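Peer 1: Quick one: the structure is below, and I'll ask about it shortly.
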């Protein structure tokens, strides 16, 4: 008996690094019998592999992983953040430029939300950037129907519990009142399902527009609705402190700047 760790990395991590799927999705693929190692179907992710192993997914050899890359995408409203939608709705992947490699989203924006959505070709990067321990601040411009006051927003700043789910304190400021609507800036460090919308409803406000303007150090800036822009490798390394995990591409990567129309008409302008 020995407790020595086998050489290599866990198979799900290797699949994620190759951009096949996130680590969790890779584990589900393994359990479904879609992955073979050295010609044998495996049914458990509890396996370490090295470069000497021959791995296939759905019968296709695992490709060599590219250097990890990250893109910023200005998501329009009317798109769901998923690979496939059971209701047949259009997804963000239906509207990405065709020249992009296979990418995954870092977190989500719901159907009626818009703004900055990060994309990556690396499942391990996706996992790291979504971890609560990362503590990245996400900032939103939020338009609400109603006339908010600082007293109304105190519960959000202190943290509230809704349906036995606790939301961490938010940073909320009132920017301006425009007739029946008001614009707020909201910042938080977690991304629970419809968190801002639910929290606002709890204090008597209805969100009618929600735009994510930053995610950690990355800013939406002047990126127009439907546009995609790659973040330079050096910027990623400097901002995230991931050292050797982010290597610059061997040739310059130009900006991907193809505009796609969101559902229902022309690209929206801010």
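Residue numbers (this note's numbering): 3 to 272.
A virtual CB, placed ideally from N, CA and C, is assigned to each residue, including glycine.
These figures come from a predicted structure and were not determined experimentally.
Among 140, 158, 12, whose alpha-carbon lies nearest the alpha-carbon of residue 44?
Peer 2: Numbered from its first residue, the chain shown carries residue 44 at position 42. Measuring from the Cα of residue 44, the nearest candidate turns out to be 12.
Peer 1: Are residue 83 and residue 106 close, meaning C-beta to C-beta below 8 Å?
Peer 2: As a first step, residue 83 must be located in the chain shown, where it is residue number 81. As a first step, residue 106 must be located in the chain shown, where it is residue number 104. Not in contact: residue 83 and residue 106 (Cβ atoms no closer than 8 Å).
Peer 1: Which complete beta strand (DSSP E) runs does the region 60-107 hold, if anything under 3 residues is left out?
Peer 2: Entirely contained in the region 60-107, the beta strand (DSSP E) runs reaching 3 residues are, in chain order, 72-77.
Peer 1: Does the distance from the C-beta atom of residue 117 to that of residue 77 stay below 8 Å?
Peer 2: The residue labelled residue 117 in the question sits at position 115 within the chain shown. The residue labelled residue 77 in the question sits at position 75 within the chain shown. Their beta carbons are under 8 Å apart, which means residue 117 touches residue 77 by this criterion.
Peer 1: What does the Cβ neighbour count give for residue 56, buried or exposed, with the cut at 16 atoms within 10 Å?
Peer 2: What you label residue 56 is simply residue 54 of the chain shown in a count that begins at 1. Flag for residue 56 reads exposed.
Peer 1: By how many angstroms is the C-alpha of residue 165 removed from the C-alpha of residue 233?
Peer 2: Within the chain shown, numbered from 1, the residue matching residue 233 stands at position 231. Within the chain shown, numbered from 1, the residue matching residue 165 stands at position 163. If you take the alpha carbons of residue 233 and residue 165, they lie about 38 Å apart.
Peer 1: Pull up the distance between the alpha-carbon of residue 81 and that of residue 53, whole angstroms please.
Peer 2: Within the chain shown, residue 81 is the residue found at index 79, counting from 1. Within the chain shown, residue 53 is the residue found at index 51, counting from 1. If I take the Cα positions, the gap works out to 39 Å.
Peer 1: Quick check on the burial criterion: 16 or more other C-beta atoms within 10 angstroms. Buried or exposed for residue 248?
Peer 2: Along the chain shown, one-based indexing puts residue 248 at 246. In this prediction, residue 248 has a pLDDT of 44, which is less than 50 and means its spatial position is unreliable; nothing more can be read from the coordinates.
Peer 1: State yes or no: is the C-beta of residue 186 within less than 8 Å of the C-beta of residue 150?
Peer 2: Numbered from its first residue, the chain shown carries residue 186 at position 184. Numbered from its first residue, the chain shown carries residue 150 at position 148. It is a contact, given that the beta carbons lie within the stated cut-off.
Peer 1: Hey, quick one: how far does the alpha helix (DSSP H) through residue 165 stretch, first residue to last?
Peer 2: In the chain shown, the residue the question calls residue 165 occupies position 163. Residue 165 -> no alpha helix (DSSP H), and no H or E assigned at all.
Peer 1: Measuring CA to CA, which of 176, 33, 181, 159 is closest to residue 190?
Peer 2: For the purposes of this step, residue 190 is taken as the residue at position 188 of the chain shown. Checking every option, the nearest Cα to that of residue 190 belongs to 159.
Peer 1: Near residue 198, what residues of its chain come up, given a Cβ to Cβ distance below 7 Å and the 5 sequence neighbours on each side ignored?
Peer 2: Counted from its first residue, the chain shown places residue 198 at position 196. Cβ neighbours of residue 198 beyond the five flanking positions: 142, 144, 188, 209, 212.
Peer 1: Start and end of the beta strand (DSSP E) containing residue 173?
Peer 2: By one-based count along the chain shown, residue 173 stands at place 171. It spans 173-180 - the beta strand (DSSP E) in which residue 173 sits, taken as one unbroken run.
Peer 1: For residue 61, tell me which candidate among 41, 68, 49 has the shortest Cα-Cα distance.
Peer 2: Translated into positions along the chain shown, residue 61 becomes position 59. Minimum Cα distance to residue 61 is reached at 41.
Peer 1: Whole angstroms are fine: how far does the CA of residue 9 sit from the CA of residue 113?
Peer 2: What you label residue 113 is simply residue 111 of the chain shown in a count that begins at 1. What you label residue 9 is simply residue 7 of the chain shown in a count that begins at 1. So the alpha carbons of these two residues sit roughly 43 Å apart.
Peer 1: Out of curiosity, what's the CA-to-CA distance linking residue 95 and residue 85?
Peer 2: Within the chain shown, numbered from 1, the residue matching residue 95 stands at position 93. Within the chain shown, numbered from 1, the residue matching residue 85 stands at position 83. Taking the straight line joining both Cα atoms gives about 7 Å.
Peer 1: Between residue 23 and residue 109, is the Cβ-Cβ spacing less than 8 Å?
Peer 2: Numbered from 1 along the chain shown, position 21 holds the residue referred to as residue 23. Numbered from 1 along the chain shown, position 107 holds the residue referred to as residue 109. Contact flag unset, no.
Peer 1: Can you tell me whether residue 219 is buried or exposed, with buried defined as 16 or more other CB within 10 angstroms of its CB?
Peer 2: Here the question's residue 219 lines up with position 217 in the chain shown. Exposed: under 16 other Cβ atoms inside 10 Å.
Peer 1: Could you tell me the distance, in whole angstroms, from the CA atom of residue 148 to the CA atom of residue 139?
Peer 2: For the purposes of this step, residue 148 is taken as the residue at position 146 of the chain shown. For the purposes of this step, residue 139 is taken as the residue at position 137 of the chain shown. In a straight line, the C-alpha of residue 148 is about 26 Å away from that of residue 139.
Peer 1: Please list, in chain order, all residues of the same chain as residue 2 whose beta carbon is under 6 Å from its beta carbon, the five residues on each side excluded.
Peer 2: Coverage of the chain is limited to positions 3 through 272, which leaves residue 2 absent and any answer about it impossible.
Peer 1: Between which two residues does the alpha helix (DSSP H) carrying residue 126 extend?
Peer 2: Translated into the one-based positions of the chain shown, residue 126 becomes position 124. Where residue 126 is concerned, the enclosing alpha helix (DSSP H) stretches over 125-132.
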